[in-house]
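Protein chains in written order, with the working numbering: chain A, 36 to 188; chain B, 36 to 188; chain C, 13 to 177; chain D, 13 to 177.
Down below is the structure, laid out as structure tokens.
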Ligand SMILES: Nc1ncnc2c1ncn2[C@@H]1O[C@H](COP(=O)(O)OP(=O)(O)OP(=O)(O)O)[C@@H](O)[C@H]1O
Ligand SMILES: Nc1ncnc2c1ncn2[C@@H]1O[C@H](COP(=O)(O)OP(=O)(O)OP(=O)(O)O)[C@@H](O)[C@H]1O
Ligand SMILES: [Mg+2]
Ligand SMILES: [Mg+2]
């Protein structure tokens, strides 16, 4: 267990640096053991340096920045250990338009190996769909799903 | 204190019913005392009935529905006791386009008496601006505020 | 492995049998507030074996069965099935199609099925173990959990990394 | 009462004196992620007397002073001023313009000023008491607090209603 965790962390950090810099265009991030002397019990922390900012306290990050750090780490894990299926429910809600495009461009690249199910309200996000479903309640209280024709890729 | 709280609750409930039905087009909502026998100590709860749905457990409501209940109650309090200034930071994030229009149409009506400061990423919301400010970090880590010319009202 | 279909019946706001055909790539789900999008995400997590009622926004298992409207009576049971294309043999079963199903009715505990064979939540978790896809894993980010990895405790994060190992 | 200007200097990501002219009606603030929009909301709440550091996303008061970048050194102090048009006499002061200001430098406790007269947080709260506008009241909804009234406890909600009374 110990070697495996240490090895996983080392691998993920290579990818985390890569995905973080792709999203933030600078800065760096890595995951670290909170108690490296005790790999069996240790927790895991995230250290982030935002480009051009002198801030390390994560509480001072903005709503969008925190969402993007989560995205960068998720993508790093996918590079380390691609999972066949990923479900994201309005993860784009706090993002501005530029970051929505970045976020979905990365998802598009992953979608060759990973199947995504993404819930969104954002028109920009919808442009990335391979297929789109609309959920409605034509009859109050009763959900109905229809496939939505769109101009599509 | 007791009479005043009881009276405030009764007044707010008249307005809450009104604002709730304007947003949800049906259903009803009211605030109630958790311990009416003891008005000095009692807490306040919210009871909501969504139109056409048989659900009373608030945990089953959707993200957008919960945001709209908060909005309805906020507007009811404004009708009871208009405050001169209101600040909303990305309150439209969970809302779909139809509800954004409803939400901001109501804000527009209140804005004759109440001054609003609203942070948003949503293009539809921006159409309701009387004045718009852009915050940028042209220089990394340094916020700058500029007034934004827009096609306006 | 690819998810081919999600079939809901009697689960939360889906009283009638509802089939969602999934495709490779990016499947986007849109719809008005309160229409049932996150209920589909809950249905996926529930079928994957999620035991904690609160984490599916309910307070008891009965909250997952359609509660009825003015026109339609409450359902007697909730059933969700997910059918996967396993021709890549990602799941350790030597079949092309793998179906996992969960059924809960008012009188009994929930029942799990793998290809219509009665199973337990543990069996489903074991089946998907090496894929990294699980009801509480890193591959599902629920609404409002956008800062998931940041707001986790150091030990919760460790659990995520052990799964990714 | 109408907010005419917010002036920030050395507060969070605003090292240089920044003046925001507010108008009647709906003032909308836009900008990229991390550019400083919510810092303006924090500045308003801080000047209104907010004492809880955590509720302004900091862990100590020093977090509110600009921490510097590669090119610009950290600021020595944080200062925010809000100037209100009081010709309606909503605020119980017999003047047309009311300015509230808060200054915090590394060596001392924060200082509050009302029209440049040294005051305390309590004085600012009393001045705005009947308006319903306060750092923790119903009239400010912070980012991520969209379900504010729903997720509050019954007693927290009571405090809101007492304010509205
Ligand atoms: N057991 C149940 N029976 C009937 N309806 C239910 C049940 N559980 C939840 N619902 C309904 O489902 C609705 C919520 O659906 P859901 O959370 O999926 O919405 P959503 O499409 O994600 O909306 P949003 O865009 O606001 O997030 C609620 O209005 C609730 O009344
Ligand atoms: N004391 C400080 N000194 C310098 N910069 C700071 C300080 N405190 C916070 N910041 C910076 O302010 C930024 C966050 O700003 P803010 O939360 O206002 O963003 P925002 O515009 O609301 O973004 P979003 O759209 O993502 O919500 C962080 O990147 C942080 O580095
Ligand atoms: Mg939802
Ligand atoms: Mg913000």
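Using N, Cα and C, we set each Cβ at its ideal position, and we do this for glycine too.
All values reported here derive from a predicted model rather than from experimental measurement.
Item to check | DSSP bridge partner residues for residue 110/C (one or two, in chain order) | outcome: Numbered from 1 along the third chain, position 98 holds the residue referred to as residue 110/C. Answer by DSSP bridge pairing, in chain order: 96/C.
Checklist entry - Along chain D, which residues have their Cβ under 7 Å away from the Cβ of residue 121/B? => result Residue mapping note: residue 121/B aligns to position 86 of the second chain, counting from 1. In chain order: 151.
Item to check | Reference residue 134/A; option with closest CA among 16/D, 22/D, 99/D, 43/D | outcome: In the first chain, counting from the first residue as 1, residue 134/A sits at position 99. It is 43/D whose Cα lies nearest to the Cα of residue 134/A.
Item to check | 7 Å Cβ shell around residue 187/B - same chain, five flanking residues per side excluded | outcome: Stepping through the second chain from its first residue, residue 187/B is reached at position 152. For residue 187/B, the predicted model reports a pLDDT of 49, less than 50, meaning its position is unreliable; a value from the coordinates is still stated below. Same-chain partners within the cutoff: there are none.
Next on the checklist: Give me, in chain order, the residues of the same chain whose beta-carbon lies closer than 7 Å to that of residue 131/D; leave out the 5 immediate sequence neighbours on both sides.
Outcome noted: Along the fourth chain, one-based indexing puts residue 131/D at 119. So the list reads 124, 125, once near-sequence residues are dropped.
Item to check | Per-residue contacts from residue 63/A into chain D (C-beta, under 9 Å) | outcome: To locate residue 63/A, count along the first chain from 1; it is residue 28. Correct list: empty, because the minimum Cβ distance to chain D is about 14 Å.
Checklist entry - Which residues of chain B have a Cβ atom closer than 7 Å to the Cβ of residue 87/A, listed in chain order? => result Locating residue 87/A in the first chain gives position 52, where the first residue counts as 1. Near residue 87/A (Cβ distances below 7 Å), the residues of chain B are 175, 176.
Checklist entry - What residues in the region 52 to 81 of chain D bring their beta carbon closer than 8 Å to a beta carbon of chain A? => result 66, 69, 70, 71, 75, 79, 80, 81
Checklist entry - Residues of chain D with a CB under 8 Å from the CB of residue 116/B: which are they? => result For the purposes of this step, residue 116/B is identified with residue 81 of the second chain, where counting begins at 1. The contacting residues are 144, 176, 177.
Next on the checklist: Assuming residue 169/A is part of the beta strand (DSSP E), what are its boundary residues?
Outcome noted: Locating residue 169/A in the first chain gives position 134, counting from the first residue. Note, residue 169/A: beta strand (DSSP E), 166 to 174.
Checklist entry - Are the region 98 to 111 of chain D and the region 50 to 62 of chain D in contact at 8 Å, needing three or more beta carbon pairs? => result no
Next on the checklist: Let's test the definition: count the other Cβ atoms within 10 Å of the Cβ of residue 88/C and tell me whether it reaches 16, buried, or not, exposed.
Outcome noted: For this step, residue 88/C is matched to residue 76 along the third chain. Answer is exposed; the Cβ neighbour count stays below 16.
Next on the checklist: I need the straight-line Cα distance from residue 114/D to residue 91/D, nearest angstrom please.
Outcome noted: Residue numbering aside, residue 114/D sits at position 102 when the fourth chain is read from its first letter. Residue numbering aside, residue 91/D sits at position 79 when the fourth chain is read from its first letter. Each residue's Cα considered, the two are about 6 Å apart.
Checklist entry - Is residue 176/A closer than 8 Å to residue 87/B when the C-beta atoms are compared? => result To locate residue 87/B, count along the second chain from 1; it is residue 52. To locate residue 176/A, count along the first chain from 1; it is residue 141. Closer than 8 Å, so yes.
Item to check | Test: residue 45/D CB closer than 8 Å to a CB of chain A | outcome: Walking along the fourth chain from the start, residue 45/D turns up at place 33. Closer than 8 Å to some Cβ of chain A, the Cβ of residue 45/D qualifies, so yes.
Checklist entry - Whose Cβ in chain B lies nearer than 9 Å to the Cβ of residue 50/C? => result As a position in the third chain, residue 50/C is number 38, starting the count at 1. Residues of chain B passing the Cβ test: 97, 98.
Item to check | residue 8/A: CB within 7 Å of a non-hydrogen atom of ligand 3 | outcome: Past the boundaries of the shown model lies residue 8/A; chain A is included only from 36 to 188, so the question cannot be answered.
Checklist entry - Any heavy atom of ligand 4 closer than 7 Å to the Cβ of residue 125/B? => result By 1-based counting over the second chain, the position of residue 125/B is 90. For ligand 4, at least one heavy atom lies less than 7 Å from the Cβ of residue 125/B.
Checklist entry - With a CB to CB cut of under 6 Å and the five nearest residues on each side skipped, what residues in its chain are close to residue 79/A? => result Taking the first chain and counting its residues from 1, one reaches residue 79/A at position 44. Closer than 6 Å at Cβ, skipping near neighbours: 66.
Next on the checklist: To the nearest angstrom, how far is the alpha carbon of residue 139/A from that of residue 100/C?
Outcome noted: On the first chain, residue 139/A is found 104 positions in, with the first residue counted as 1. On the third chain, residue 100/C is found 88 positions in, with the first residue counted as 1. Each residue's alpha carbon lies about 26 Å from the other.
Checklist entry - Hey, how far is the Cα of residue 97/D from the Cα of residue 143/D? => result As a working note, residue 97/D is residue 85 in the fourth chain. As a working note, residue 143/D is residue 131 in the fourth chain. Roughly 14 Å between the two C-alpha positions.
Next on the checklist: For residue 144/A, report the span of its alpha helix (DSSP H) as first-last.
Outcome noted: Locating residue 144/A in the first chain gives position 109, where the first residue counts as 1. Residue 144/A -> alpha helix (DSSP H) spans 132 to 145.
Item to check | Where residue 45/C falls, given that 16 or more other Cβ within 10 Å makes a residue buried | outcome: Position 33 of the third chain, counted from the first residue, corresponds to residue 45/C. Buried is the call here.
Next on the checklist: If distances are taken between C-alpha atoms only, which option among 24/C, 29/C, 35/C, 65/C comes closest to residue 13/C?
Outcome noted: The sequence position of residue 13/C within the third chain is 1, counting from 1. If we check each option's Cα against that of residue 13/C, 35/C comes out closest.
Next on the checklist: Quick check on residue 171/B - is its C-beta less than 8 Å from some C-beta in chain C?
Outcome noted: Position 136 of the second chain, counted from the start, is the residue given in the question as residue 171/B. No, no contact with chain C.
Item to check | Proximity test, Cβ basis, 8 Å: residue 106/B and chain A | outcome: Here the question's residue 106/B lines up with position 71 in the second chain. By this cut-off, residue 106/B is not an interface position.
Next on the checklist: Starting from residue 134/C, trace the alpha helix (DSSP H) in both directions and tell me its first and last residue.
Outcome noted: Sequence index remark: in the third chain, residue 134/C carries index 122 (1-based). Note, residue 134/C: alpha helix (DSSP H), 133 to 140.
Checklist entry - From which residue to which residue does the alpha helix (DSSP H) around residue 37/A run? => result Reading the first chain from its first residue, position 2 is the one you call residue 37/A. Counting along the chain, the alpha helix (DSSP H) containing residue 37/A begins and ends at 37 to 59.
Checklist entry - Mind checking residue 141/D: buried by the 16 CB within 10 Å criterion, or exposed? => result Your numbering for residue 141/D matches position 129 in the fourth chain. Exposed, because fewer than 16 other Cβ atoms sit within 10 Å of the Cβ of residue 141/D.
Item to check | alpha helix (DSSP H) segments (min. 4 residues) lying fully within the region 16 to 86 of chain D | outcome: 49 to 59
Checklist entry - For residue 85/C, which option in 89/B, 93/B, 72/B, 63/B has the closest C-alpha, if you only look at C-alpha atoms? => result Locating residue 85/C in the third chain gives position 73, where the first residue counts as 1. Nearest of 89/B, 93/B, 72/B, 63/B to residue 85/C, Cα basis: 89/B.
Item to check | Exposure of residue 6/A, with buried meaning 16 or more beta-carbon neighbours within 10 Å | outcome: Only positions 36 to 188 of chain A appear in this structure, which leaves residue 6/A out of reach.
Item to check | Minimum Cβ-Cβ distance from residue 111/A to chain B less than 8 Å | outcome: Position 76 of the first chain holds residue 111/A. It does not; no Cβ of chain B falls within 8 Å.
Item to check | chain D contact residues for residue 92/A, given Cβ-Cβ distances below 8 Å | outcome: Position 57 of the first chain, counted from the start, is the residue given in the question as residue 92/A. Near residue 92/A (Cβ distances below 8 Å), the residues of chain D are 70, 71, 75.
Checklist entry - Quick check: the region 67 to 77 of chain D against the region 147 to 160 of chain C, are there 3 or more CB pairs under 8 Å? => result no
Checklist entry - Which term fits residue 92/B, buried or exposed, when burial requires 16 or more other beta carbons within 10 angstroms of its beta carbon? => result Here residue 92/B refers to the residue found at position 57 of the second chain. Exposed is the call here.
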